[in-house]
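Protein sequences appear in the order of chains D and Y.
Using the numbering used here, the first residue of the first sequence is number 1, and each one after it goes up by one.
Using the numbering used here, the first residue of the second sequence is number 1001, and each one after it goes up by one.
Glycine included, every Cβ here is placed at the ideal spot set by N, Cα and C.
Computed from a predicted structure; not experimentally measured.
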Amino acid sequence: MSQVFPKSANAWSKASVLAIVFVLLSVGWMVLTIQRSDYVTTANQFIEQPVQFSHQHHSGGIGIDCRYCHTSVEVSPSAGIPPTKTCINCHSQIWATSPYLEPVRASFRDDKPLKWVKVHDLPDFVYFNHGIHVTKGVGCETCHGRVDKMPLMIQKVSLQMEWCLDCHRDPSRYVRPRDQVTTMGYQPAMAQAELGPRLVKEYKIAGLEHMTSCSVCHR
Amino acid sequence: MTNKPATRGPAVTFALLAAATLLFAGCRQDMHDAPRYEAYEASTSFADGRASRTAPVGTVARGWLRDDEALYTGKVAGQTVEQFPFAITHADLQRGQQRFNIYCTPCHGQLGDGNGMVVQRGLRQAASYHQDRLRQEKVGYFYDVITNGFGAMQGYAEQVPVRDRWLIVAYLRALQLSQHAPVSDVPADRRAELDAAPAATERH
Chain D
1 MSQVFPKSAN AWSKASVLAI VFVLLSVGWM VLTIQRSDYV TTANQFIEQP
51 VQFSHQHHSG GIGIDCRYCH TSVEVSPSAG IPPTKTCINC HSQIWATSPY
101 LEPVRASFRD DKPLKWVKVH DLPDFVYFNH GIHVTKGVGC ETCHGRVDKM
151 PLMIQKVSLQ MEWCLDCHRD PSRYVRPRDQ VTTMGYQPAM AQAELGPRLV
201 KEYKIAGLEH MTSCSVCHR
Chain Y
1001 MTNKPATRGP AVTFALLAAA TLLFAGCRQD MHDAPRYEAY EASTSFADGR
1051 ASRTAPVGTV ARGWLRDDEA LYTGKVAGQT VEQFPFAITH ADLQRGQQRF
1101 NIYCTPCHGQ LGDGNGMVVQ RGLRQAASYH QDRLRQEKVG YFYDVITNGF
1151 GAMQGYAEQV PVRDRWLIVA YLRALQLSQH APVSDVPADR RAELDAAPAA
1201 TERH
């Protein structure tokens, strides 16, 4: 009876040790890539809303400040989603008979809230607070992108821990003057490398150790 | 004799299976969506579906009794007040300007002439603050308009807190004065700037 394994099998079996390393590395790489993919983070995905509300029209076109609708963004953890009454301020007259806006009118008539679908959603074990970011000079644009160019709201960043930490390690790359936080398409008046550190000092932004300690975001 | 090699196979398989079970057992999402409400989350417990409840009518939180009539209503015994209920500083005026630009300019425009973007898109002409009747009005009147609305204009009580409403009124007054000021009010050494920069572009 001939040998089941020819002599060359020895070489193959040695090479297969390398192959195992290779397979493990590629699986690891795949997992990490999938973890960061838009599919997992839900970034850049459109979400069907009860009303086709366009930030492009309202912020970009008409130039309404974000805080007109997101009233609590400077003082509380939640930015706030406007109540139907806020839409009625204008839409009692503008497009007052448009079928697009029928859900808005019905909501106001019957005192039933519009059911907006959340676009950004951190896991519940993460603590986030808009107030501190906005008052320390982090603009909406830095985290939400060019909202004034969005016909439908989408999440522009991964919202993963590494994304938060990238900024928390050195916010000076992103901070802007406080009166510019809601500006879209902001351009710093001077080099950010010079302006950033100055603002960090002026706004007394906390140091690296505090900003990266786990209990800041997991409390 | 020793039979170790024969039994190690199943042990390894078992260890691998156990590890895999533990690994995937960790993939539950319970902690991502804890059984508590987030702000504005929908709720099945209440008829109107809102988890964020409003206080029952007439509730007064401790320390929040609105007993300062002038401050909260702009009126004292039914009479519109003529004075601000607190002193207005320069910083207050600046915040007033900022709040005005957020909440009023969409309709009233940066100059307060009533030609904001929304009016240009078809809203009823908003009032100009520079008409005689409104220049004569008392500050309490403007506070009342912001709070309760006027005619085609809805109230802004939900969007603008009480103190900010007064600051907006203060800025609105400054705007009225600025649009109706004689040249002699401008310090002599800065009059040249008037010709250089039109008021509208200077303001922003």
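| Item | Value |
| --- | --- |
| Cutoff 7 Å: D:Lys125 Cβ touching any chain Y Cβ | First, the amino acid is wrong: residue 125 of chain D is Phe here, not Lys. By this cut-off, D:Phe125 is an interface position. |
| Short CB-CB distance (under 7 Å) between Y:His1180 and chain D | no |
| Residues that Y:Lys1047 bridges to, as DSSP identifies them | Per the sequence presented here, residue 1047 of chain Y reads as Ala, with Lys not at that position. DSSP output for Y:Ala1047 lists no bridge partner at all. |
| Near-chain Y residues of the region 53–68 of chain D - C-beta to any C-beta below 9 Å | Gly61, Ile62, Gly63, Ile64, Asp65, Cys66, Arg67 and Tyr68 |
| Chain-ordered chain D contacts of Y:Tyr1040 [CB-CB under 9 Å] | Ser78, Gly80, Ile81, Pro113, Trp116 and Lys118 |
| Residue burial classification, Y:Ile1102 (beta-carbon count within 10 angstroms, cutoff 16) | buried |
| Coarse secondary structure for Y:Met1153, derived from DSSP in three states | strand |
| Within chain D, partners of Y:Gly1074 - CB distance below 9 Å | None at all; the shortest Cβ gap to chain D is about 20 Å. |
| Backbone secondary structure at Y:Gln1098 - three-state DSSP | helix |
| Euclidean distance between Cα positions of D:Gly139 and D:Val175 | 7 Å |
| Interfacial residues, the region 86–112 of chain D to chain Y, with Cβ spacing under 8 Å | Thr86, Ile88, Asn89, Cys90, Ser92, Gln93, Ile94, Asp111 and Lys112 |
| Three-way DSSP call (helix, strand, coil) for D:Val27 in this model | helix |
| Through-space distance from D:Ser72 to Y:Leu1093, alpha-carbon basis | 21 Å |
| Secondary structure, alpha helix (DSSP H): runs of 4+ residues fully inside the region 62–95 of chain D | 66–69 and 84–91 |
| Interface flag, D:Thr71 vs chain Y, CB-CB below 7 Å | yes |
| Y:Ala1199 (DSSP reduced to helix, strand or coil) | With a pLDDT of only 49 at Y:Ala1199, under the threshold of 50, the placement of this residue in the model should not be trusted; the figure read from the coordinates follows. DSSP places Y:Ala1199 in helix when its eight states are reduced to three. |
| Counted within 10 angstroms of its Cβ, other Cβ atoms place D:Arg198 as buried (16 or more) or exposed | exposed |
| Member of D:Arg219, D:Asp170 and D:Thr182 whose CA lies at the smallest distance from the CA of D:Leu208 | D:Asp170 |
| Distance between D:Arg109 and D:Cys90 (C-alpha atoms, nearest Å) | 15 Å |
| Cβ of Y:Asp1113 within 7 Å of any chain D Cβ | no |
| Among D:Val181, D:Ala189 and D:Thr212, the one whose alpha carbon lies nearest that of D:Trp163 | D:Thr212 |
| Cα-Cα separation between D:Phe53 and Y:Thr1080, rounded to whole angstroms | 40 Å |
| Residues in the region 1080–1103 of chain Y having any Cβ partner in chain D nearer than 8 Å | Gln1098, Asn1101, Ile1102 and Tyr1103 |
| CB of D:Ile94 within 7 Å of CB of Y:Gly1149, strictly | no |
| Inter-residue spacing [alpha-carbon to alpha-carbon] between Y:Leu1065 and Y:Phe1084 | 20 Å |
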